[in-house]
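One structure is given here, and the rest of the page talks about it.
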Ligand code: NAI
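The following block contains the structure:
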């Protein structure tokens with residue numbers, strides 16, 4: 046029976062991909078503050094080490110892991126490095142991602158494949174590596190995919206991103222079914238736009254491409270379908286990730302939690 050929801054991850058081991066910056070970094074710091082031991086995995090090792098230094102300075106424990114989520118060898122060896130260092134893996138946050146804005150008739154096949162590889166191959170490879178340990182003795186664990194409003198909705202010129210995020214929701218649902226007998230649950234968090242580098246870099250580009258002001262990009266595109274014209278904050282996402290990882294039962298699984306100010310319901 047759940048009497049009180051604790052936001053405590055003491056002694057849990059979490060692997061977070063794309064944790065050298067943005068949302069992944071904030072989830073890493075939030076989990077570390079809650080007592081978890083963190084694998085900060087990223088293709089950007091220098092940024093990953095910065096995240097580790099921030100966690101260590103605040104009294105937490107973390108390990109920087111050089112991981113390109115498109116590479117099976119890198120994912121498997123990085124996951125093993127985490128398990129060898131901290132003794133297991135209880136939580137996976139599959140967060141690494143990129144954005145690409147181009148109409149389909151101008152989209153190169155290489156760019157399409159690369160985006161799908163980062164989001165979908167990355168989701169698959171990290172899940173496979175994590176459940177290898179989570180399935181042992183049905184010890185279980187929590188897997189969180191960072192989705193998007195684009196896992197549920199579409200907008201202009203983001204075909205590979207929309208396709209990837211819809212696919213990731215399929216993976217989340219599949220793992221809920223397959224993982225349940227092993228005590229593994231899966232979640233997706235689907236944020237609206239968050240002011241990380243990924244979005245901040247988009248604003249001037251979209252303004253130039255569409256011949257509109259940056260303010261118009263923000264109000265008419267990025268916040269268009271939010272109910273109160275508000276961005277999702279990085280903390281909205283990391284606190285949701287903490288709630289899900291710390292929740293004491295498996296009652297939530299296989300679903301996407303929309304953190305989008307009503308963009309998706
Ligand atoms: P960000 O650009 O700040 O951080 C992305 C991180 O992923 C970077 O540290 C980057 O080095 C890493 N990365 C990229 N390719 C990689 C690879 N092949 N292997 C390992 N790491 C790799 O972006 P942000 O905004 O923090 O995005 C994180 C996740 O949240 C992404 O999956 C994104 O699609 C999703 N998201 C972001 C939203 C936003 O508005 N910023 C909204 C909804 C979802």
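Numbering (the numbering used here), first residue to last: 46 to 310.
Idealized CB from N, CA, C, for every residue including glycine.
Treat the numbers as computed from the prediction; the structure is a model and nothing was measured.
CB-CB under 6 angstroms to residue 138, same chain, minus the five flanking residues each way: which ones, in chain order? 61, 72 and 189
Using DSSP bridges, identify the partner residues of residue 231. 188
Residue 209 - DSSP class collapsed to helix/strand/coil: helix
What does DSSP give as the partner residues of residue 236 in its beta bridges? 304
Are the Cβ atoms of residue 84 and residue 141 separated by less than 8 angstroms? no
So, is residue 251 buried or exposed, given that buried needs 16 or more other C-beta atoms within 10 angstroms? Under this definition residue 251 is a buried residue.
Indicate, with yes or no, if the ligand NAI has a heavy atom lying under 7 angstroms from the CB of residue 140. yes
Tell me which same chain residues have a C-beta within less than 7 angstroms of the C-beta of residue 170, skipping the five on either side of it? 114, 117 and 120
Exposure of residue 289, with buried meaning 16 or more beta-carbon neighbours within 10 Å: buried
Are the beta-carbon atoms of residue 185 and residue 175 separated by less than 8 angstroms? no
Alpha helix (DSSP H) runs contained entirely in the segment 116 to 172, provided each spans 4 or more residues: 117 to 131 and 154 to 161
Could you tell me the alpha carbon to alpha carbon distance between residue 214 and residue 164, rounded to whole angstroms? 11 angstroms
Measuring alpha carbon to alpha carbon, tell me which of 179, 254, 234 and 227 ends up nearest residue 202. The candidate whose alpha carbon is nearest that of residue 202 is 254.
Give a yes or no on whether the C-beta atoms belonging to residue 236 and residue 145 are separated by under 8 angstroms. no
Around the C-beta of residue 149, are 16 or more other C-beta atoms found within 10 angstroms, so that it is buried, or is it exposed? Label assigned to residue 149: exposed.
Should residue 53 and residue 92 be called a contact, given that it needs their Cβ atoms to be closer than 8 angstroms? Going by C-beta atoms, residue 53 is not nearer than 8 angstroms to residue 92.
Residue 58 vs residue 134 beta-carbon contact at 8 angstroms: With a cutoff of 8 angstroms on beta-carbon distance, residue 58 and residue 134 are scored as near each other.
Using the Cα positions of residue 219 and residue 310, report the straight-line distance between them to the nearest angstrom. 21 angstroms
Quick one: what does DSSP say residue 98 is sitting in, helix, strand or coil? helix
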